[in-house]
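K.L.:
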Amino acid sequence: MRLAVLGAGAIGPATAALAVSRGHAAVLWSPSGAGTRGLDGILHAEGVLEGTFPVTVAATLEQAFAGADAALLTVPAYAFPVVLPRIAAAIPKDLPLLIAPAASLAPLAVARLRGPGAPVGAMATTPLTGRRLAPDRVRVAAIRAEAEMGALPGPAAPQMAALAEALFGNRWPTVPDALAAAFINANPIAHAALALGNVTRIEKQESWGQYGLMTPAVCRLMEALGAERDALAARFGHSPPSVAENLHRTNGVPHGPLHEMTAAIERGRGSVAGPTSMETRYVTEDVPYGLAFYLAVAAAIGQPMPVTEGTVTVLETLWGRGLRENPLLDGLDLARLPDLLSRG
Numbered sequence: 001m002r003l004a005v006l007g008a009g010a011i012g013p014a015t016a017a018l019a020v021s022r023g024h025a026a027v028l029w030s031p032s033g034a035g036t037r038g039l040d041g042i043l044h045a046e047g048v049l050e051g052t053f054p055v056t057v058a059a060t061l062e063q064a065f066a067g068a069d070a071a072l073l074t075v076p077a078y079a080f081p082v083v084l085p086r087i088a089a090a091i092p093k094d095l096p097l098l099i100a101p102a103a104s105l106a107p108l109a110v111a112r113l114r115g116p117g118a119p120v121g122a123m124a125t126t127p128l129t130g131r132r133l134a135p136d137r138v139r140v141a142a143i144r145a146e147a148e149m150g151a152l153p154g155p156a157a158p159q160m161a162a163l164a165e166a167l168f169g170n171r172w173p174t175v176p177d178a179l180a181a182a183f184i185n186a187n188p189i190a191h192a193a194l195a196l197g198n199v200t201r202i203e204k205q206e207s208w209g210q211y212g213l214m215t216p217a218v219c220r221l222m223e224a225l226g227a228e229r230d231a232l233a234a235r236f237g238h239s240p241p242s243v244a245e246n247l248h249r250t251n252g253v254p255h256g257p258l259h260e261m262t263a264a265i266e267r268g269r270g271s272v273a274g275p276t277s278m279e280t281r282y283v284t285e286d287v288p289y290g291l292a293f294y295l296a297v298a299a300a301i302g303q304p305m306p307v308t309e310g311t312v313t314v315l316e317t318l319w320g321r322g323l324r325e326n327p328l329l330d331g332l333d334l335a336r337l338p339d340l341l342s343r344g
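Under UniProt numbering, the residue at position 155 of the sequence shown is numbered 155, and the numbers go up by one with no gaps.
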């Protein structure tokens with residue numbers, strides 16, 4: 001197949017290389033153009049995926065979509081309000097789109113902007129993890145064995161899971177809808193607790209290891225936030241993996257008390273640097289499109305989330321700004337979510 005990869009940070013180019021390694025063709029588009037600058041048709045990969053892979057660069061969305069059999073969008077959630085309208089205006093109606101990760105009902109936002117068309121895949125997370133080493137070089141840290149797939153409309157999930165498996169080789173167990181997929185990513189929970197517990201280190205730009213500082217106190221907050229998310233998900237009939245299960249899946253450490261699992265990750269992986277800027281995505285992205293998203297959905301159905309509400313309020317106070325604005329939800333009747341998600 002020919003895959004249009006929309007987003008050229010670290011994950012987009014790495015995923016393009018993965019698709020090419022499996023016999024597909026990939027074209028890479030950067031919303032700003034900066035991500036493809038210096039990439040001259042060849043992408044070098046190292047880590048768990050090694051080799052040299054041909055990748056076409058598209059200057060426009062129209063070029064990216066020309067002849068494509070599928071598209072993958074992988075940009076930070078805070079870019080969605082600007083990028084989604086551009087994609088919805090240009091994407092062919094019959095072209096299936098995968099969004100990784102599908103935070104904050106991004107598939108529903110695309111469908112509302114685009115109108116009726118091909119299904120939108122709601123990936124709970126990205127097919128792999130990695131980082132950009134140079135304009136033409138990526139390091140792939142891990143290729144996920146499996147991750148959940150929802151879709152809009154909900155019944156299209158098996159179709160989108162089969163498409164993703166053909167492109168990337170992972171398994172994609174299906175979940176009922178895009179909301180279930182949005183609940184699965186535990187980053188907003190872990191990152192908010194970590195930022196709150198280490199705000200002075202972030203503000204003073206200290207060097208610190210994040211897993212080693214997921215102390216028992218920070219982990220208690222993570223567990224409380226996770227419990228409230230799980231209770232909200234249950235109101236819609238969903239059961240996302242626990243925070244502990246997410247840590248187990250991503251890092252392979254045995255199950256146990258959360259702070260013991262994070263300590264084991266620190267021992268196994270070494271020190272993984274925590275953020276050193278108040279502009280960290282741990283707060284500026286994961287609160288508006290994670291925790292505050294949960295609060296918006298909860299408010300629509302009368303579900304109390306006092307720990308989540310308090311955490312967002314304290315983070316807003318510490319960061320000196322509002323952290324609840326989410327244009328993806330503007331004009332959306334959240335009380336009608338089950339019907340909207342099922343029917344598209």
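C-beta atoms are modelled at their ideal positions from N, C-alpha and C, and glycine is treated no differently.
Remember, it's a predicted structure, so these values are computed and weren't measured experimentally.
How big is the Cα-Cα spacing for P304 and A335?
P.N.:
As a position in the sequence shown, residue 304 is number 304, starting the count at 1. As a position in the sequence shown, residue 335 is number 335, starting the count at 1. Computed Cα separation, rounded: 15 angstroms.
K.L.:
With DSSP run on the structure shown, which of helix, strand or coil describes A151?
P.N.:
As a first step, residue 151 must be located in the sequence shown, where it is residue number 151. It is a strand residue.
K.L.:
Which residue spans inside the region 64-92 form an unbroken alpha helix (DSSP H) run of at least 4?
P.N.:
Complete alpha helix (DSSP H) runs here, min 4: 80-90.
K.L.:
Let me know if D177 comes out buried or exposed under the rule of 16 or more other beta-carbons within 10 Å of its beta-carbon.
P.N.:
Within the sequence shown, numbered from 1, the residue matching residue 177 stands at position 177. Burial call: buried.
K.L.:
So, using beta-carbon positions, are A59 and G33 closer together than 9 angstroms?
P.N.:
Within the sequence shown, numbered from 1, the residue matching residue 59 stands at position 59. Within the sequence shown, numbered from 1, the residue matching residue 33 stands at position 33. It is a contact, given that the beta carbons lie within the stated cut-off.
K.L.:
Using a 10 Å radius around the Cβ and a threshold of 16 neighbouring Cβ atoms, would you call D330 buried or exposed?
P.N.:
Position 330 of the sequence shown, counted from the first residue, corresponds to residue 330. D330 comes out exposed.
K.L.:
Would you report the Cα separation of G226 and R269, rounded to the nearest angstrom?
P.N.:
Your numbering for residue 226 matches position 226 in the sequence shown. Your numbering for residue 269 matches position 269 in the sequence shown. Their Cα atoms are separated by approximately 24 angstroms.
K.L.:
Entirely within the region 262-330 and at least 4 residues each: give me those alpha helix (DSSP H) ranges in chain order.
P.N.:
If we require 4 residues or more, the alpha helix (DSSP H) runs fully inside the region 262-330 come out as 281-284, 292-301, 306-319.
K.L.:
Classify S30: buried if its beta carbon has 16 or more other beta carbons within 10 angstroms, exposed otherwise.
P.N.:
On the sequence shown, position 30 is the one that residue 30 refers to. Result: buried.
K.L.:
So the alpha helix (DSSP H) R139 belongs to, where does it begin and stop?
P.N.:
Stepping through the sequence shown from its first residue, residue 139 is reached at position 139. Taken as a continuous stretch (DSSP letters only), R139 belongs to no alpha helix (DSSP H), being part of the beta strand (DSSP E) at 137-143.
K.L.:
DSSP on A122, reduced to helix/strand/coil?
P.N.:
In the sequence shown, residue 122 corresponds to position 122, counting from 1. In the structure shown, A122 sits in a strand (DSSP, three-state: E or B).
K.L.:
What residue from T129, T280, G150, R171 has the CA that sits closest to I184's CA?
P.N.:
What you label residue 184 is simply residue 184 of the sequence shown in a count that begins at 1. Comparing Cα positions, the closest option is G150.
K.L.:
DSSP three-state call for F183: helix, strand or coil?
P.N.:
Looking up residue 183 in the sequence shown gives position 183. Residue state, collapsed to three classes: helix.
K.L.:
Going by alpha carbons, who is nearest to L97 out of P54, E325, A156, G130?
P.N.:
Within the sequence shown, numbered from 1, the residue matching residue 97 stands at position 97. Checked all of P54, E325, A156, G130; the closest Cα to L97 is A156.
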